[in-house]
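So in numbering that gives the first Met the number 0, spot 134 of the sequence shown is number 133, and the numbers just go up one at a time. Even glycine gets a Cβ: it sits at the ideal position worked out from N, Cα and C. These notes are about the structure you will find just below.
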Amino acid sequence: MKHMKIGGLMTGDVVSAVPGTSFREIARLLAEHEISGVPVVDEDDHVVGVVSESDLLAHRELTARALMTTPAVTVHAEETVADAARLMVRLGVERLPVVDVEERLVGIVTRRDLLCVYLRPDAEIRRRIREDVLTDAMDLPGDAVDAHVMDGVVTLAGRVRRRSQALMLVGLAERVDGVVAVVDRLTWHEDDTRLTSATRTPHDIAW
């Protein structure tokens, strides 16, 4: 399946600081560019930390080296938007520096940037489910089931051959960029998940 990558969403023109940047200069950068934080990079453009507004408010240190939060949490340009969003939520951060394969700063992505993914048109989401999920991933006709999309909420309805197909279809639909939730109204002819569990022996169980 195709997923939107961070590299296609990030801001490439990054406002950054170096370890020796002063408290006053960092405050000026945040105010002038209307941003809430800056990555701190070394002489090779490797991200060594991040200074946020809260760091400035909590301390009165002289330089970025003393102010910054370390170690720096970064994402690679080839990572998916979904992965970056999960990382932001888990760590409670508002922004992530984006690095290349050599760990050098190439951009920055914010929560606001990620939110725009969920503004993807319903018609585009429906097309992605038909093409990427049904046809490409599951080798089914694009109209094998009905996919109705309203405000990012996908309702899947119809009948497939096996229950395992229905479960996989719901799981893949949930991963499509822009999907907020999936309503499962699928039915099936054969519950192959029961057959699988019934044929297991005690030796198959990991104790």
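Going by the DSSP bridge assignment, what does A143 pair with across the sheet?
Translated into positions along the sequence shown, residue 143 becomes position 144. None; A143 has no bridge partner.
Report the partner residues of L44 according to the DSSP bridge assignment.
The residue you call residue 44 lines up with position 45 of the sequence shown. Sequence inspection shows Asp at residue 44; the Leu mentioned does not correspond to that position. Partner(s): none; D44 has no beta bridge.
Rounded to whole angstroms, what's the CA-CA distance from V116 to S21? Just pull it up for me.
Looking up residue 116 in the sequence shown gives position 117. Looking up residue 21 in the sequence shown gives position 22. One C-alpha to the other measures close to 36 Å.
Report all residues from its chain with a CB closer than 8 Å to the CB of A205; omit the five preceding and five following residues, and keep chain order.
The count along the sequence shown starts at 1 and reaches residue 205 at position 206. Any answer about A205 is weak, because its pLDDT of 45 lies below 50 and its placement is not dependable; what the coordinates show is given next. For A205, where only same-chain residues beyond five positions count, there are no Cβ hits under 8 Å.
Given that a residue counts as buried once 16 or more other Cβ atoms are within 10 Å of its Cβ, and exposed if not, what is M149?
Translated into positions along the sequence shown, residue 149 becomes position 150. Looking at its Cβ environment, which holds fewer than 16 other Cβ atoms inside 10 Å, M149 is exposed.
Just reading off the alpha helix (DSSP H) that A83 is part of, what are its end residues?
Start at 1 with the first residue of the sequence shown, and residue 83 comes out as number 84. That run of the alpha helix (DSSP H) goes V80 to L90.
When you compare only the Cα positions, how much space is there between R110 and E93?
If you number the sequence shown from 1, residue 110 lands on position 111. If you number the sequence shown from 1, residue 93 lands on position 94. Going by the C-alpha atoms only, they are around 6 Å apart.
Looking at D99 and V105, is the spacing between their C-beta atoms short of 8 Å?
As a working note, residue 105 is residue 106 in the sequence shown. As a working note, residue 99 is residue 100 in the sequence shown. Their beta carbons are under 8 Å apart, which means V105 touches D99 by this criterion.
Which residue's Cα is closest to the Cα of S53: H45, T62 and L66?
Within the sequence shown, residue 53 is the residue found at index 54, counting from 1. If we check each option's Cα against that of S53, L66 comes out closest.
Quick one: grab the DSSP three-state call for T73.
Sequence index remark: in the sequence shown, residue 73 carries index 74 (1-based). T73 falls in the coil class under three-state DSSP.
State the Cα-Cα distance for the pair A164 and T186, rounded to the nearest angstrom.
Residue 164 sits at position 165 when you count from the first residue of the sequence shown. Residue 186 sits at position 187 when you count from the first residue of the sequence shown. The question names Ala, but residue 164 in the sequence shown is Gln. Answer to the nearest angstrom: the Cα atoms are 10 Å apart.
Pull up the distance between the alpha-carbon of A197 and that of R160, whole angstroms please.
As a first step, residue 197 must be located in the sequence shown, where it is residue number 198. As a first step, residue 160 must be located in the sequence shown, where it is residue number 161. Below a pLDDT of 50, predicted positions are generally treated as unreliable, and A197, at 48, falls in that range; no measurement from the model is reported.
What is the DSSP secondary structure of S15, reduced to helix, strand or coil?
Within the sequence shown, numbered from 1, the residue matching residue 15 stands at position 16. Three-state DSSP puts S15 in coil, outside helix and strand.
Decide if V179 is buried, meaning its Cβ has at least 16 other Cβ atoms within 10 Å, or exposed.
Stepping through the sequence shown from its first residue, residue 179 is reached at position 180. Classification for V179: exposed.
Taking the CB atoms as reference points, tell me whether L155 and V181 lie closer together than 8 Å.
Position 156 of the sequence shown, counting from 1, holds the residue named residue 155. Position 182 of the sequence shown, counting from 1, holds the residue named residue 181. Cβ atoms of L155 and V181: closer than 8 Å.
Return the residue from the list I124, V40 and A76 that minimises the CA-CA distance to T69.
Position 70 of the sequence shown, counted from the start, is the residue given in the question as residue 69. Measuring from the Cα of T69, the nearest candidate turns out to be V40.
Roughly how many whole angstroms lie between the Cα atoms of V47 and V97?
Within the sequence shown, numbered from 1, the residue matching residue 47 stands at position 48. Within the sequence shown, numbered from 1, the residue matching residue 97 stands at position 98. If you take the alpha carbons of V47 and V97, they lie about 12 Å apart.
Nearest to R174 by CA position, among E77, H58 and V152, is which residue?
In the sequence shown, counting from the first residue as 1, residue 174 sits at position 175. The shortest Cα separation from R174 among E77, H58 and V152 belongs to V152.
How many angstroms separate the CA atom of V50 from the CA atom of E33?
Locating residue 50 in the sequence shown gives position 51, counting from the first residue. Locating residue 33 in the sequence shown gives position 34, counting from the first residue. Straight-line Cα distance between these residues: approximately 14 Å.
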